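Final position of the first sequence in numbering that gives the first Met the number 0 is 788; the numbers increase by one with none missing.
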Amino acid sequence: MPEIIFWPLDVAYTIIDGVPYVEMWAITDKNERVIILDGSFRPYFYVVPREGADLETLQIKIRKLNGVKATEIVEKSFLGKKVKVIKVTCLNPNLVPNLRDTVKKFPDVDMYLEADIRFYMRYLIDNDIYPCRWYIVDATQLKGPAWEKYKVDGVYIANERPREIKKEAIPNVKILAFDIETYSKIGTPDPKRDPIIIIAVATSDGDVKLFTVNEDKDDKKIIEEFVKYIQEYNPDIIVGYNSNRFDWIYLVERAKINKVRLIVDRKGGTPHPSVYGHQSISGRANIDLLDYAEGLYEVKVKTLKNVAEYLGVMSKKERIIIPQSEIADYWDDNTKRPLLLEYAKDDVVSTLKIAELALPFIVELSRLVGLTPDQILAASVGFRVEWYLMRQAFKENELVPNRIERAHETYPGALVFEPKKGLHKNVVYMDFASMYPSIIIKYNIGPDTYVPPYEEIDRNEVWICPEFGHRFRKEPPGLYKKALSKLLSARKEIREKMKSLQEGSVEYKLLNNRQLAIKVIANATYGYAGWTGARWYMKPVAEATTAWGRQTILTAKEIAEKLGLKVYYGDTDSLFLEYDPEKIKKFEEMVESELGLDIKADRIFKAIFFTEAKKRYAGIDTNGLLEITGFEVVRGDWAEIAREVQEEILRYILENENVDGAIKYVRKVIKDLQERKIPYDKLVIWKTLSKSLEEYKARAPHITAARILEEKGYHVGPGAQIGFVITKGSGILAERAKPYQFAKYDEVDIDYYINKQIIPVALRILSAFGVTESDLKTERRQVSLTDFF
DNA sequence: GCCTTGAAGTTACCG
DNA sequence: ACCGGTAACTTCAAGGCG
Numbered sequence: 000m001p002e003i004i005f006w007p008l009d010v011a012y013t014i015i016d017g018v019p020y021v022e023m024w025a026i027t028d029k030n031e032r033v034i035i036l037d038g039s040f041r042p043y044f045y046v047v048p049r050e051g052a053d054l055e056t057l058q059i060k061i062r063k064l065n066g067v068k069a070t071e072i073v074e075k076s077f078l079g080k081k082v083k084v085i086k087v088t089c090l091n092p093n094l095v096p097n098l099r100d101t102v103k104k105f106p107d108v109d110m111y112l113e114a115d116i117r118f119y120m121r122y123l124i125d126n127d128i129y130p131c132r133w134y135i136v137d138a139t140q141l142k143g144p145a146w147e148k149y150k151v152d153g154v155y156i157a158n159e160r161p162r163e164i165k166k167e168a169i170p171n172v173k174i175l176a177f178d179i180e181t182y183s184k185i186g187t188p189d190p191k192r193d194p195i196i197i198i199a200v201a202t203s204d205g206d207v208k209l210f211t212v213n214e215d216k217d218d219k220k221i222i223e224e225f226v227k228y229i230q231e232y233n234p235d236i237i238v239g240y241n242s243n244r245f246d247w248i249y250l251v252e253r254a255k256i257n258k259v260r261l262i263v264d265r266k267g268g269t270p271h272p273s274v275y276g277h278q279s280i281s282g283r284a285n286i287d288l289l290d291y292a293e294g295l296y297e298v299k300v301k302t303l304k305n306v307a308e309y310l311g312v313m314s315k316k317e318r319i320i321i322p323q324s325e326i327a328d329y330w331d332d333n334t335k336r337p338l339l340l341e342y343a344k345d346d347v348v349s350t351l352k353i354a355e356l357a358l359p360f361i362v363e364l365s366r367l368v369g370l371t372p373d374q375i376l377a378a379s380v381g382f383r384v385e386w387y388l389m390r391q392a393f394k395e396n397e398l399v400p401n402r403i404e405r406a407h408e409t410y411p412g413a414l415v416f417e418p419k420k421g422l423h424k425n426v427v428y429m430d431f432a433s434m435y436p437s438i439i440i441k442y443n444i445g446p447d448t449y450v451p452p453y454e455e456i457d458r459n460e461v462w463i464c465p466e467f468g469h470r471f472r473k474e475p476p477g478l479y480k481k482a483l484s485k486l487l488s489a490r491k492e493i494r495e496k497m498k499s500l501q502e503g504s505v506e507y508k509l510l511n512n513r514q515l516a517i518k519v520i521a522n523a524t525y526g527y528a529g530w531t532g533a534r535w536y537m538k539p540v541a542e543a544t545t546a547w548g549r550q551t552i553l554t555a556k557e558i559a560e561k562l563g564l565k566v567y568y569g570d571t572d573s574l575f576l577e578y579d580p581e582k583i584k585k586f587e588e589m590v591e592s593e594l595g596l597d598i599k600a601d602r603i604f605k606a607i608f609f610t611e612a613k614k615r616y617a618g619i620d621t622n623g624l625l626e627i628t629g630f631e632v633v634r635g636d637w638a639e640i641a642r643e644v645q646e647e648i649l650r651y652i653l654e655n656e657n658v659d660g661a662i663k664y665v666r667k668v669i670k671d672l673q674e675r676k677i678p679y680d681k682l683v684i685w686k687t688l689s690k691s692l693e694e695y696k697a698r699a700p701h702i703t704a705a706r707i708l709e710e711k712g713y714h715v716g717p718g719a720q721i722g723f724v725i726t727k728g729s730g731i732l733a734e735r736a737k738p739y740q741f742a743k744y745d746e747v748d749i750d751y752y753i754n755k756q757i758i759p760v761a762l763r764i765l766s767a768f769g770v771t772e773s774d775l776k777t778e779r780r781q782v783s784l785t786d787f788f
């Protein structure tokens, strides 16, 4: 019988003759696309009996229910306690919700568990199968017309459960990027009104194609062409930018209007909404790269152009930029239409390039967490951590708690020390390696190791946290400890191995993405533990973690002081110390011996600047690299010109201590502003809406701008980034804000930009050197500051 | 009626 | 739909002063 070596890409299930079959869409080592069906698995859930209930009787009673295939009394552990529960196996997945509700009403039943885990995920977890890893299975090919409708090279039925094999390389995936342009004269395009005029596609095999409508703007034809193209190219991965919230929704709607069947999957179906708010396309991975961009916090305004520019796949200079509102005009104008086509092509090509760049990371995250590549980016960080934990729990025979709704609870967090303001020389930045994960591991913190106050226990058997006195069993290791130990040691091992590899080699990059994926999950675990929506949430767990964190950084600070090291600043797990190599070495040793945690020198600053404000500093390191943290420079909600000015000032100060130069520079910018020599784009202020417009109580500039957009027919909801400028006039700012698309440079209130953008960011830095507002605004200097230092 | 002050509302950052 | 700590802005109402 043939053995198939495969790499699962998408997983679902299907019912054949009343039997549920898990459907693994995969790529084989022979570069074939296959479906592996496994009908040997059934859904199940657990029933926790009430205290004193007779398990045998209860089991028999449950077994008699319609739809129950089998019951079994099993020993599991639940939040650290051994429990006997009844495993209820059902005939098929859609019977589970009713059965669990029925059983819940039995007087002897306390609760059910794990009844909300999707059938195909259940299969993956129980068989330790991860998407994007390699497996081998003995399977038989299914022949006949029924299987030929699938867009694959073969459909197989597994004769056994797949086994993982050691194989690393990502198979040769076929990627298709697409992007649509619509003909909309006003506001947000409306699929009921506005046809699609261009569908652009680009593939990883190098094909770029534009499907365009004729003069009648009848998009039926191009949608059909697009569908045909997808079917013929048969991609494994389809990518778009904002495609889950826009392109797919639009296409589905236009297809419906035009009575076109949008068959783009491998099964004869259309895109359909799925668990994490994304669109699912059976047999393929549909990935929205906007979800990837959400993780690129350096990119403030998440347009495709900005992301492409940031990732270096296509610079803004080499591409045509057309405002969304002008697309229809470009289409109508015969001389401009070629530019629009060029624009559409640039968009789809950059989308493809971003996908190629992001894919190795997406694959690593998917194979670590166990969600499919289309789900992994769409799922929020909390759910990614949770799926990782659920996999670990299964391996440890731990039951997964139900998701319950809890009101938000607060608890104290990290310590931030008062910075020593001014410019300092020779400062070392030190931080604890993975502080919260290390603390959780060290003190075995977790909901399953927690000992409640009423429980008596020998104090030698528990770790007791500072401030609150929460107690955690030293043994056995809890779920968090086990999961985090595994993550940290795996990451350490990978980073060790990377040292022996050529930077830039295929293997190096693969391992780098792997360690990054691990880092993301490990770093989010503490946050997960304090999230009231988490299955494994428990307030004392979060409280204890930060309490030990505070103790840790405070102790480290005291050790530094005892050694006579100046402490300039510190936040959560870091300290900025005077750089005295010998004392620093001693400091590292003492911290290690007193706390059992690693603190190490990360970077040495030739000069570093603090104001009185916490969480804000700027320094220049021994490599001449500028580091700017917290200041307006790194904030997306200041005009670009203000950010640029502040960065330049910091350069003057940190590189040459040139206060006079900085002052002259600011005056020059103010003059340029007054002469309107500064590009309009640099005056735009961006803010993100956090809720729908009706929910706002306050008046504020960005809200006004958003309301104007809404009036003009744009849909602006939570998450929308609003770009606005402040115009001249007499009222409050909120009355003078206008969306940047609808304001003229002439109307812009230059005084606002000088007084409320440039001056404040400049003084934030320069006032530490005695510079005043009038120094920046007038040509006269009251006192020379050259000798300030 | 004008000016100051502080609270409330809001956003985006740090680690 | 991951945490708390923090800076900073705009608006607005209350309080002080005359």
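Idealized CB from N, CA, C, for every residue including glycine.
Keep in mind that this is a model prediction, so the values were computed, not measured.
**Message:** In the DSSP output, what is residue 423 paired with across the bridge?
**Reply:** Looking at the DSSP assignment, residue 423 forms a beta bridge with 607.
**Request:** Verify whether the separation of the beta carbon atoms of residue 467 and residue 413 is less than 9 Å.
**Result:** For residue 467 and residue 413, no; Cβs fall outside 9 Å.
**Item:** residue 788 in three-state terms, based on DSSP
**Value:** With a pLDDT of 42 at residue 788, under the threshold of 50, the modelled position of this residue cannot be trusted, and the question is left open.
**Request:** Could you work out which residue in 744, 720 and 694 is closest to residue 681 when comparing CA atoms only?
**Result:** With distances taken between CA atoms, residue 681 lies nearest to 744 out of 744, 720 and 694.
**Request:** Return the first residue and the last residue of the alpha helix (DSSP H) that residue 526 is part of.
**Result:** DSSP places residue 526 inside the alpha helix (DSSP H), whose first and last residues are 505-528.
**Reduced DSSP category for residue 54 - H, G, I as helix; E, B as strand; rest coil** = Reduced to three states, the DSSP call for residue 54 is helix.
**Prompt:** Is it true that the CB of residue 644 sits closer than 9 Å to the CB of residue 761?
**Reply:** With contacts defined by Cβ atoms closer than 9 Å, residue 761 and residue 644 form a contacting pair.
**Asked** Starting from residue 622 and walking both ways along the alpha helix (DSSP H), at which residues does that stretch end?
**Response** Looking at the DSSP string, residue 622 is not in any alpha helix (DSSP H), and its letter there is neither H nor E.
**Asked** Quick one: any contact between the segment 625-642 and the segment 446-455, if contact means 3 or more CB pairs under 8 Å?
**Response** Taking one beta carbon from each stretch, the segment 625-642 and the segment 446-455 have fewer than 3 pairs nearer than 8 Å; the two do not touch.
**Request:** Could you spell out the range, first to last residue, of the beta strand (DSSP E) harbouring residue 71?
**Result:** DSSP places residue 71 inside the beta strand (DSSP E), whose first and last residues are 67-77.
**Item:** Integer-rounded CB distance, given that residue 113 should sit under 8 Å from residue 399
**Value:** Confirmed, about 5 Å.
**Asked** When the Cα of residue 285 is compared with those of 380, 176, 568 and 40, which residue comes out closest?
**Response** Per the Cα distances, 176.
**Request:** Evaluate the contact criterion for the segment 246-258 versus the segment 179-196: three or more CB pairs, one atom per stretch, below 8 Å.
**Result:** Using a Cβ-Cβ distance cut-off of 8 Å, the segment 246-258 and the segment 179-196 are in contact, since at least three pairs of beta carbons, one from each stretch, lie closer than that value.
**Request:** In the DSSP assignment, find the alpha helix (DSSP H) that holds residue 47 and state where it starts and stops.
**Result:** No alpha helix (DSSP H) holds residue 47; the beta strand (DSSP E) holding it covers 43-48.
**Request:** Note down the Cα distance separating residue 642 from residue 757, rounded to an integer number of angstroms.
**Result:** For residue 642 and residue 757, the distance between alpha carbons rounds to 8 Å.
**Item:** Identity of the residue in 204, 269, 95 and 613 nearest residue 417 by Cα
**Value:** When each option's Cα is compared against that of residue 417, the closest is 613.
**Asked** Does the count of Cβ pairs from the segment 228-239 and the segment 280-298 closer than 8 Å reach three?
**Response** These segments touch.
**Prompt:** Taking just the CA atoms, how far does residue 719 sit from residue 738?
**Reply:** Answer to the nearest angstrom: the Cα atoms are 13 Å apart.
**Message:** Which residues does DSSP list as the beta-bridge partners of residue 738?
**Reply:** DSSP lists 723 as partners of residue 738.
**Asked** Among all the DSSP beta bridges, which residues are the ones paired with residue 271?
**Response** In the DSSP output, where bridge partners are listed per residue, residue 271 has 279.
**Message:** By the DSSP assignment, the beta strand (DSSP E) with residue 93 in it spans what residues?
**Reply:** Careful: residue 93 lies outside any beta strand (DSSP E) and carries neither H nor E.
**Item:** Cβ-based neighbour list, residue 2, same chain, cut-off 6 Å, excluding 5 preceding and 5 following
**Value:** So the list reads 135 and 137, once near-sequence residues are dropped.
**Item:** Status (buried if at least 16 other CB within 10 Å, exposed otherwise) for residue 698
**Value:** Residue 698 is exposed by the Cβ-count criterion.
**Message:** Tell me which residues share the same chain as residue 396 and place their Cβ nearer than 7 Å to its Cβ, disregarding the 5 neighbours each side in the sequence.
**Reply:** 75 and 76, listed in sequence order.
**For residue 153, three-class secondary structure by DSSP** = If DSSP states are grouped into helix, strand and coil, residue 153 belongs with the strands.
**Request:** Would you list, in sequence order, the uninterrupted alpha helix (DSSP H) runs of no fewer than 4 residues that lie entirely inside the segment 322-378?
**Result:** Complete alpha helix (DSSP H) runs here, min 4: 326-331, 336-368 and 372-377.
**Request:** Would you give the residue range spanned by the alpha helix (DSSP H) that residue 546 belongs to?
**Result:** 538-561 is the span of the alpha helix (DSSP H), which, as asked, contains residue 546.
**Item:** In chain order, each beta strand (DSSP E) run of at least 3 residues that lies wholly inside the segment 191-216
**Value:** Whole beta strand (DSSP E) segments, 3+ residues: 195-202 and 207-211.
**Item:** Unbroken stretches of the alpha helix (DSSP H), 4 residues or longer, contained in the segment 636-712
**Value:** Complete alpha helix (DSSP H) runs here, min 4: 639-655, 658-673 and 700-710.
**Asked** Just to confirm, are residue 520 and residue 367 a CB contact at a threshold of 9 Å?
**Response** Yes, these two residues count as a Cβ contact at 9 Å.
**Request:** Using beta-carbon positions only, say whether residue 871 and residue 401 come within less than 9 Å of one another.
**Result:** The chain is shown only over 0 to 788; residue 871 falls outside these bounds and no answer can be derived.
**Item:** From 32, 210 and 461, residue whose alpha carbon lies closest to that of residue 201
**Value:** Residue 201 has its Cα closest to that of 210, out of 32, 210 and 461.
**Message:** In this structure, how does DSSP classify residue 429 when only helix, strand and coil are distinguished?
**Reply:** Strand at residue 429.
**Simplified DSSP state of residue 62, which is helix, strand or coil** = Per DSSP, reduced to three states, the secondary structure at residue 62 is helical.
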